[in-house]
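Take a look at the structure below.
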Amino acid sequence: MNLLDGLNERQKEAVINTEGPIMVMAGAGSGKTKVLTTRISYLIKELGVNPYNILAVTFTNKAANEMKERIAKNLDMDTKWMWISTFHSFCARVLRDEIDNLEGYRRGFQIIDDDDQLKILKEIKDDTELDFRPKEMSKLISKYKNDIKFNFFEERNKDTFNEVNKKYSDYLVKNNLFDFDDLILKTIELFKKNPNVLERYQEKFQYILVDEFQDTNTPQYNLVFMLSTRHHNIFIVGDDFQSIYSFRGAKIENIRRFKNDFLEHKLILLEKNYRSTTEILNLANDCITHNPNQIKKVLESNNKSGKKPLYYPAKRTAEEIAFIVDNIKKINISGVPYKEIAVLYRANYLSRELEDAFIKAKIPYKIYGGLSFFSRKEIKDMIAYLQIIINHNQDFSFKRIINEPKRKIGGATLEKLAAVAERMNLSLYDAIDFYESKSQGAINLVEFKKTIDTIYNQIENVRLPDLIDIILKETGYKEEMKKEEDPDIFNDRMDNIQEFKSVLLEAEDYYEEETKKKLLEALLADLTLRTDKNDTDNNDSVRLSTYHQVKGLEFDTVFMYAMNEGIFPSDMIVSDAEMEEERRICYVGITRSKNHLFLSSSESRVKFGSMDYFSESRFIKEMKRPLLDIFNPYNIKTEFTKPQVKLETKKEEKVTSDITLGDKINHKLFGDGVVVSQEGDVIKVAFSAKFGIKTLKASHPAIRKL
DNA sequence: CGCACTAGACTTTTT
DNA sequence: GTCTAGTGCG
520 MNLLDGLNER QKEAVINTEG PIMVMAGAGS GKTKVLTTRI SYLIKELGVN PYNILAVTFT
580 NKAANEMKER IAKNLDMDTK WMWISTFHSF CARVLRDEID NLEGYRRGFQ IIDDDDQLKI
640 LKEIKDDTEL DFRPKEMSKL ISKYKNDIKF NFFEERNKDT FNEVNKKYSD YLVKNNLFDF
700 DDLILKTIEL FKKNPNVLER YQEKFQYILV DEFQDTNTPQ YNLVFMLSTR HHNIFIVGDD
760 FQSIYSFRGA KIENIRRFKN DFLEHKLILL EKNYRSTTEI LNLANDCITH NPNQIKKVLE
820 SNNKSGKKPL YYPAKRTAEE IAFIVDNIKK INISGVPYKE IAVLYRANYL SRELEDAFIK
880 AKIPYKIYGG LSFFSRKEIK DMIAYLQIII NHNQDFSFKR IINEPKRKIG GATLEKLAAV
940 AERMNLSLYD AIDFYESKSQ GAINLVEFKK TIDTIYNQIE NVRLPDLIDI ILKETGYKEE
1000 MKKEEDPDIF NDRMDNIQEF KSVLLEAEDY YEEETKKKLL EALLADLTLR TDKNDTDNND
1060 SVRLSTYHQV KGLEFDTVFM YAMNEGIFPS DMIVSDAEME EERRICYVGI TRSKNHLFLS
1120 SSESRVKFGS MDYFSESRFI KEMKRPLLDI FNPYNIKTEF TKPQVKLETK KEEKVTSDIT
1180 LGDKINHKLF GDGVVVSQEG DVIKVAFSAK FGIKTLKASH PAIRKL
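Using this note's numbering, the letters of the first sequence map in sequence onto residues 520 to 1225.
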């Protein structure tokens, strides 16, 4: 089969124009991934380019893996070793190979995540007189590193920042650690200070491709720019309409910068949308026209027609949610699997109220967001153990697990040990040999060292998953877990560890290093970058998540929940530029749907524990009415009335909700009856023979307790 | 050292 | 409402 089959003219153009800088502006659903993967396949198959000479960078592991898979399929070859990766793992890979050229760092460096970063900052706070909030500081440090502007309220805060920032980066260098931002920055530093190294990579990467270009920040742009100056074959794909990560430093201006840096570039527009119905596209196009500073661009319809998006302005969240639940059921019965349905919202806290309703309605769902698999405590502990086993000198990991499980090695003992290490210029682990004391602490330290040595001596002879079992047993970790946690949590944690073991099993095949130790080294270096959420189980459930998390995905049916002013757009927005980005988030939401789109709002809702009133989102107000159908169960005018009645409704709900099993009640229409079942607000009532058993809402005004 | 209690935060977050 | 960081006590 020909690679180019099934591509439209524009897409083909983007594939076969292999030489020189190319900028592809690809609208939502216009076949961007297809173009990227076909282009790489084309380079290899038709032009005979060595895969090693191609570099493709993305932002998520998921996108990188998907590209690899598609190319593997196209060319029927193994692609796991190709340079198709996230910005961060690309940098990690370069740094691992070139670390000797980077001053201050050594082999076996470790990458830390946000959690670790916070820990270090707390440590700095405890060790100094500096007064700051670690969480706040970590945000500032990241902003600083990614060239994001920020202001200090007071001059002395600036001094504090500078001092903490200095201490923090010294800490990282001393402990041979990189945070996520460092991976990019230090790679740039490496290239700047070693022109010969840079030249090698410039020479190597004859073809460079960048996905989601509108999301690149300044350092990422600089990195890509540096690499491409030799061959100039740089291919970027982006969509300024979908730029929603400016808070992470992403700069739409990079598109303009690219035009200036590569004046001879060729521009290709992909505007033909293959995803959504005409009705959905019309709404998306209408939405984005309200951004004054956006380049005009219209998604062309695929002439696939469907239903108009349906908007429900509810009075109460309960009604709004009932609308969603009802429609999910209907859509599902009509043949759409749950996993093709998504309920999207602006912020994670909005998922709670939905979750309760989904449980009651017995709709399978999955919430995305929250802790990633690799940031769970037990997993991080296991990683730290592996780290310390193969590299005893990792003080950072040492500190994490020295008293985990509890070995009665407390702050005092550790401080003394740190002093010894400092004096003799040793790692904490090696300093144990010189810790001269007869205290219990000393005995415990030696005991710990023995345990680690015992495990170390076994690594070459066992399979990696078994190594975890050995750690669990030898260190007493499992026993302590069993003792400390209640059975449910214990089982949960063991399940996670089991999952981790399967990751290790996979790794044994994946990596080609000759010793177990080297294999582990390579794996551990990658692990922190594997933040993909537990995405593996492909059971059929509705997806609940934020708009940000579904960028790049598509669903048959999308619900846009809580379309209220102050929620979406968020009330944290202050500038016009931010409001435009907020509108782009709305655009991203709309364009996720293929066939059905539902939007809803509620006049009253509970935010942070207290009831409040919200007007409908400006994004709804500004949508041209003919593009939307309004759902109106009461058949009254849909203009919002001001909420005088609301407090009463609330009271009523409280008064009547104490109806439970066996209660006698009166219903305005059905007369007297007895409650025969109750599940939350949902009750079943046995009325007289004429009406039989009815399922009702306990809080309904027609019901009165007798 | 580890707990229990209180005060405060609470938008998004590809890595 | 719910989580978590920080404090203070046993």
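Where is the CB? At the ideal position from N, CA and C, for every residue including glycine. As the structure is a prediction and not an experimental result, all values here were calculated from the model.
query                                                                                                                                                              : result
Pull the bridge partners of Gln1197 from the DSSP assignment, please.                                                                                              : Ile1202
Compare the Cα-Cα distances from Glu897 to each of Ile703, Asn593, Glu999 and Ser560 and report the closest residue.                                               : Glu999
What three-state label does DSSP hand Thr605 in the structure shown?                                                                                               : strand
Which partner residues does Ala545 have in the DSSP bridge list?                                                                                                   : Leu789
Less than 8 Å between C-beta atoms, sequence neighbours within five positions excluded: which residues of the same chain meet that for Tyr720?                     : Val613, Phe710 and Leu746
To the nearest angstrom, how far is it from the Cα of Ser891 to the Cα of Asn1015?                                                                                 : 11 Å
Quick one: is Asn779 buried, meaning 16 or more other Cβ sit within 10 Å of its Cβ, or exposed?                                                                    : exposed
Suppose only complete runs of 3+ residues qualify. What are the beta strand (DSSP E) ranges in the stretch 775-853, listed by chain order?                         : 785-789 and 829-835
Alpha helix (DSSP H) containing Asn715: first to last residue?                                                                                                     : Pro714 to Lys723
Return the CA-CA distance between Tyr904 and Ile920, expressed in angstroms with no decimal places.                                                                : 7 Å
For Asp1182, which residues in the same chain have their Cβ closer than 8 Å to its Cβ, ignoring the five residues on either side in sequence?                      : Val1193, Val1194, Lys1224 and Leu1225
Does the structure place the stretch 1073-1081 close enough to the stretch 835-855 that three or more beta carbon pairs sit under 8 Å?                             : yes
Less than 8 Å between C-beta atoms, sequence neighbours within five positions excluded: which residues of the same chain meet that for Thr1050?                    : Asn580, Asp632, Ser891, Phe893 and Ser894
Our contact map puts Asn792 next to Phe732 with C-beta atoms below 8 Å; I'd like the distance itself, whole angstroms only.                                        : Actually they are not in contact, since the Cβ atoms of Asn792 and Phe732 sit about 19 Å apart, beyond 8 Å.
With a threshold of 16 other CB atoms inside 10 Å of the CB of Ser1218, please say whether the residue is buried or exposed.                                       : buried
I'd like to know whether the C-beta atoms of Ile1114 and Gly757 end up nearer to each other than 7 Å.                                                              : Correcting the residue type first, residue 1114 is Asn in the shown sequence and not Ile. Going by C-beta atoms, Asn1114 is not nearer than 7 Å to Gly757.
Looking at the unbroken beta strand (DSSP E) that takes in Ile1222, where does it start and where does it end?                                                     : Ile1222 to Lys1224
Taking buried to mean at least 16 other C-beta atoms within 10 Å of its own C-beta, is Val729 buried or exposed?                                                   : buried
By Cβ distance below 6 Å, which residues in the same chain neighbour Ala961 in space, the five residues on each side in sequence not counted?                      : Tyr954
Between the Cα of Asp650 and the Cα atoms of Lys1001, Thr796 and Asp678, which residue gives the shortest distance?                                                : Asp678
Hey, quick one: how far does the alpha helix (DSSP H) through Lys1037 stretch, first residue to last?                                                              : Lys1035 to Leu1046
What are the partner residues of Leu945, as DSSP defines its beta bridges?                                                                                         : Partner(s): none; Leu945 has no beta bridge.
Smallest Cα separation from Asn812: which of Phe967, Ile590 and Arg1103?                                                                                           : Arg1103
May I have a chain-ordered list of the alpha helix (DSSP H) segments no shorter than 4 residues that lie completely inside the stretch 849-906?                    : 870-879
Suppose the cutoff is 6 Å on Cβ atoms and the five residues either side in sequence are ignored; what does the same chain contact list for Thr647 look like?       : none
So, for Ile707: in the same chain, excluding its five sequence neighbours on each side, which residues have a beta-carbon less than 8 Å away from its beta-carbon? : Pro738, Asn741, Leu742 and Met745
By DSSP, does His1067 sit in helix, in strand, or in coil?                                                                                                         : helix
With a 10 Å radius around its C-beta and 16 neighbouring C-beta atoms as the bar for buried, classify Lys551 as buried or exposed.                                 : buried
Just to confirm the assignment, what range does the beta strand (DSSP E) spanning Asn1185 have?                                                                    : Lys1183 to His1186
Measuring CB atoms only, is the stretch 586-597 touching the stretch 554-566, in the sense that at least three cross pairs come out at less than 8 Å?              : yes
Return yes when the Cβ of Thr1047 is within less than 7 Å of the Cβ of Ile630, no when it is not.                                                                  : yes
Sort Lys1036, Val1125, Leu1118 and Lys834 by Cα distance to Ile1149 and report the nearest one.                                                                    : Leu1118
So Tyr975 and Ile908 are in contact, right, with Cβ under 8 Å, and what is the actual spacing, rounded?                                                            : 5 Å
Would you mind stating whether Asp805 and Ala769 have Cβ atoms separated by less than 7 Å?                                                                         : no
Exposed or buried, which one is Lys1156 when buried takes at least 16 other CB atoms within 10 Å?                                                                  : For Lys1156, the pLDDT reaches just 46, beneath the cut-off of 50, and the residue's location in the model is therefore unreliable, although a value from the coordinates is still provided. Burial call: exposed.
Taking the alpha-carbon positions, what's the Asp698 to Gln636 distance?                                                                                           : 7 Å
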